[in-house]
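Visitor: So for the sequence shown, my numbering puts the first residue at 13; every next one is plus one. If you scroll down you'll find the structure; I have some questions about it.
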Amino acid sequence: MLDIQFIRNDFPILSKEVYGKPLIYFDNAATTQKPRSVVERIEKAYYNVNANIHRGVHFLSQAATEAHENARKRVQRFINAASPNEVIFTRGTTEAINLVASSFTDAFMEEGDEVILSVMEHHSNIVPWQLQAARKGITIKVIPINAKGELYLDSYRELFTERTRLVSVSHMSNVLGTINPAEEIIKEAHAHNAPVLLDGAQAVPHMQVDMQGLDVDFYVFSAHKIYGPTGMGILYGKEDWLDKLPPYQGGGEMIATVSFEKTTFNELPFKFEAGTPDYIGSTGFAEALEYVDRIGIDAIAAYEHELLEYATRQLKQMEGMRIFGEAAHKGAVISFLLKDTHHYDMGMLLDRLGIAVRTGHHCAQPLMKELGIEGTVRASFSFYNTKEEIDQFIAGVERVAGMF
Ligand code: PLP
Numbered sequence: 013m014l015d016i017q018f019i020r021n022d023f024p025i026l027s028k029e030v031y032g033k034p035l036i037y038f039d040n041a042a043t044t045q046k047p048r049s050v051v052e053r054i055e056k057a058y059y060n061v062n063a064n065i066h067r068g069v070h071f072l073s074q075a076a077t078e079a080h081e082n083a084r085k086r087v088q089r090f091i092n093a094a095s096p097n098e099v100i101f102t103r104g105t106t107e108a109i110n111l112v113a114s115s116f117t118d119a120f121m122e123e124g125d126e127v128i129l130s131v132m133e134h135h136s137n138i139v140p141w142q143l144q145a146a147r148k149g150i151t152i153k154v155i156p157i158n159a160k161g162e163l164y165l166d167s168y169r170e171l172f173t174e175r176t177r178l179v180s181v182s183h184m185s186n187v188l189g190t191i192n193p194a195e196e197i198i199k200e201a202h203a204h205n206a207p208v209l210l211d212g213a214q215a216v217p218h219m220q221v222d223m224q225g226l227d228v229d230f231y232v233f234s235a236h237k238i239y240g241p242t243g244m245g246i247l248y249g250k251e252d253w254l255d256k257l258p259p260y261q262g263g264g265e266m267i268a269t270v271s272f273e274k275t276t277f278n279e280l281p282f283k284f285e286a287g288t289p290d291y292i293g294s295t296g297f298a299e300a301l302e303y304v305d306r307i308g309i310d311a312i313a314a315y316e317h318e319l320l321e322y323a324t325r326q327l328k329q330m331e332g333m334r335i336f337g338e339a340a341h342k343g344a345v346i347s348f349l350l351k352d353t354h355h356y357d358m359g360m361l362l363d364r365l366g367i368a369v370r371t372g373h374h375c376a377q378p379l380m381k382e383l384g385i386e387g388t389v390r391a392s393f394s395f396y397n398t399k400e401e402i403d404q405f406i407a408g409v410e411r412v413a414g415m416f
C-alpha cells in the first residue's frame with residue numbers, strides 16, 4: 013500500500029491552485045512532475061560539483077565526472093543492462109530514435125530494405141524513419157491494430173521478408189495505453205535476424221523493464237516522463253550493436269584522436285555522446301530513478317492500474333462515451349471522446365475546473381486516421397494521483413457533457 017498523501021508532499025506543484033481550484037494533474041503521459049529530491053539534487057550539483065567533465069585533472073571536474081558516470085550506472089541497474097557502456101545519454105527518446113535510425117540505416121540498410129513500425133507509433137518513431145526513407149530509399153511497413161487497440165501479431169509475422177532489417181515499435185502506446193507484447197515481438201524479429209528497437213517512453217515510468225530479460229537490441233526513453241529533468245534520455249543498445257554502429261554526431265568527447273587527415277572515435281559509450289553532456293541533468297535523472305525505486309515500481313504499477321480501472325468504469329457508464337484503447341494489457345492512460353463534444357472544448361472546460369488533461373492528436377496522426385478521428389481527450393495517471401481526483405474529473409466531464 014502506498015501512502016499517497018505522504019508521497020504528494022514530495023511534489024510541491026501538486027498543492028498549487030489554478031483558477032482558484034486545486035490542480036488536478038492528469039497529463040502525466042506528456043511529462044511528470046518532479047519530486048523535491050530531484051530538484052534538490054540538481055541544485056546541489058550546480059552549487060557543489062559544477063565543472064566540465066571527463067577532461068579535467070582538477071578536483072571539481074573529477075567529482076562531476078564521477079557523479080555523471082555514477083548516474084549512468086544507476087540507469088544501467090534500473091533497466092538491468094549488462095554494462096554501463098550500453099547506456100548512452102541523449103536529449104530524450106526522440107534524439108535516441110533519430111540516432112538509431114540514422115546510424116543503423118547508414119551501416120545496415122540499402123535501398124529497398126525494410127523497417128517494420130506499428131500504426132500506434134508516436135511521430136518520433138515514424139518521422140526519423142521517413143527521413144531515412146527519403147535519403148536512402150528504405151521502405152516502411154506498418155503493423156495494424158484490432159478494435160481494442162492491440163497489435164495484430166499474425167499480420168506482424170506476415171510483414172517479414174528477406175529485406176526486413178529492423179523492427180521499431182512502442183512498448184506502450186501514449187494514446188491507447190496498450191502495452192505491447194515485447195517478448196513475442198522480439199522473438200519473432202530475432203527469428204528473422206532483425207534487431208528490435210522498443211520505444212519505452214511510456215512504459216518505463218509504469219512497469220519494470222529488463223534489458224537482458226527482454227533480450228531487446230535497442231531501448232529508448234526520456235527522463236522527464238519518469239520524474240526526472242527535461243532534456244535528458246537514454247539509448248540502451250546491446251554492446252555488440254553499438255560497437256558496429258557509426259557515430260551519429262561529431263564533436264568533442266566522441267573522438268580518440270583528430271587530425272585533418274583522419275579522426276578515430278572514442279570507445280563506448282562516448283562514441284555517441286558528442287559535446288558537453290548534461291552532467292547536471294544526469295544526476296537529477298539518477299535521483300528520479302532512486303525515488304521510483306524507493307516507492308517500488310511494482311507498487312506503482314498496481315496502484316496506477318487501480319486508478320485506471322476506477323476511472324474507466326465510471327467513464328464507461330456515461331452515455332455517448334467512446335474510449336479508444338481497451339487492450340487486455342494496458343497502462344494508466346485513457347483516451348476518450350464524449351458524444352460529439354470536441355476534444356478541445358472538453359480540455360478547455362476541464363482546465364477551468366483545475367483539471368489538466370491533454371487534447372489533440374498526441375503526436376500520433378496516423379493512429380488518429382486509423383481510428384477515423386481528429387483527436388481525443390487524454391487523461392494519464394501517476395502514482396501521486398488519487399481516486400478523489402478521479403471523482404472530481406468524472407464530475408467535470410459530466411458537467412461539460414451537460415453543457416453540450
Ligand atoms: N514516444 C512516445 C510513445 C511518447 O509518448 C513520446 C512523448 O510523448 C515520445 C516518444 C517522445 O518523447 P520526447 O519528446 O521526450 O523525446
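We put the CB at the ideal spot given by N, CA and C, even for glycine.
Mark His70 as exposed unless 16 or more other C-beta atoms lie within 10 angstroms of its C-beta, in which case mark it buried.
Guide: Classification of His70: exposed, given that the 10 Å Cβ count is below 16.
Visitor: Quick check: does the Cβ of Gln214 come within less than 6 angstroms of any heavy atom belonging to the ligand PLP?
Guide: Checking the Cβ of Gln214 against the ligand PLP gives yes.
Visitor: Given the structure, does His134 come close to the ligand PLP, in the sense that its CB is under 6 angstroms from one of the ligand's heavy atoms?
Guide: Yes, the beta carbon of His134 sits closer than 6 angstroms to at least one heavy atom of the ligand PLP.
Visitor: Could you tell me the distance, in whole angstroms, from the CA atom of Phe362 to the CA atom of Glu126?
Guide: At residue 362 the sequence reads Leu, which differs from the Phe that was named. Those two C-alpha atoms are separated by around 43 angstroms.
Visitor: With DSSP collapsed to three states, give me the class of Met121.
Guide: The answer is coil: DSSP assigns Met121 none of H, G, I, E or B.
Visitor: If you follow the alpha helix (DSSP H) that Lys85 is part of, which residue opens it and which one closes it?
Guide: That run of the alpha helix (DSSP H) goes Phe71 to Ile91.
Visitor: Kindly give me the distance between the Cβ atoms of Ala391 and Ala323, rounded to whole angstroms, as I take these residues to be in contact under 8 angstroms.
Guide: Sure, about 7 angstroms apart at Cβ, within 8 angstroms.
Visitor: Give the range of the alpha helix (DSSP H) segment to which Arg48 is assigned.
Guide: Note, Arg48: alpha helix (DSSP H), Arg48 to Asn60.
Visitor: Measure from the alpha carbon of Pro140 to the alpha carbon of each residue in Met415, Ser114 and Asp290, then state which is nearest.
Guide: Minimum Cα distance to Pro140 is reached at Ser114.
Visitor: Count the C-beta pairs between the segment 40 to 53 and the segment 230 to 243 that are closer than 8 angstroms, then say yes if the count reaches three, no if not.
Guide: Output reads yes: the segment 230 to 243 touches the segment 40 to 53.
Visitor: Given the structure, does Gly104 come close to the ligand PLP, in the sense that its CB is under 6 angstroms from one of the ligand's heavy atoms?
Guide: Gly104: yes, Cβ under 6 angstroms from the ligand PLP.
Visitor: For Thr106 versus Ser130, is the C-beta spacing smaller than 7 angstroms?
Guide: No; because the gap between Cβ atoms is not below 7 angstroms, this pair is not in contact.
Visitor: Hey, could you find the ends of the beta strand (DSSP E) Asp211 is sitting in?
Guide: Counting along the chain, the beta strand (DSSP E) containing Asp211 begins and ends at Val208 to Asp211.
Visitor: Between Ser182 and the ligand PLP, is there a pair consisting of the residue's CB and a ligand heavy atom that are separated by less than 6 angstroms?
Guide: Ser182 Cβ: within cutoff of the ligand PLP.
Visitor: If you reduce the DSSP assignment to three classes, tell me which class Glu410 lands in.
Guide: Helix.
Visitor: Please go through the same chain and pick out, in chain order, the residues whose beta-carbon is closer than 7 angstroms to the beta-carbon of Met380, but skip the five residues on each side of it.
Guide: Contacts found: His373, Glu386 and Gly387.
Visitor: In this structure, what does DSSP give as the bridge partners for Leu230?
Guide: It should be noted that the sequence gives Phe, not Leu, for residue 230. Note: Phe230 sits in a beta bridge opposite Leu209 and Gly249.
Visitor: Quick one: grab the DSSP three-state call for Leu5.
Guide: It is not possible to answer for residue 5, since the shown part of the chain is limited to 13 through 416.
Visitor: According to DSSP, simplified to helix, strand and coil, what is Ile385?
Guide: Note: Ile385 maps to coil in three-state DSSP.
Visitor: Using DSSP with H/G/I as helix, E/B as strand and the rest coil, what is Val112?
Guide: Correct three-state label for Val112: helix.
Visitor: Which residues in the same chain have their Cβ closer than 7 angstroms to the Cβ of Gly445, if we skip the five residues on either side of it in sequence?
Guide: Shown here, the chain extends from 13 to 416; a query on residue 445 therefore has no answer.
Visitor: The alpha helix (DSSP H) with Leu327 in it runs from where to where?
Guide: Ile309 to Lys328 is the extent of the alpha helix (DSSP H) around Leu327.
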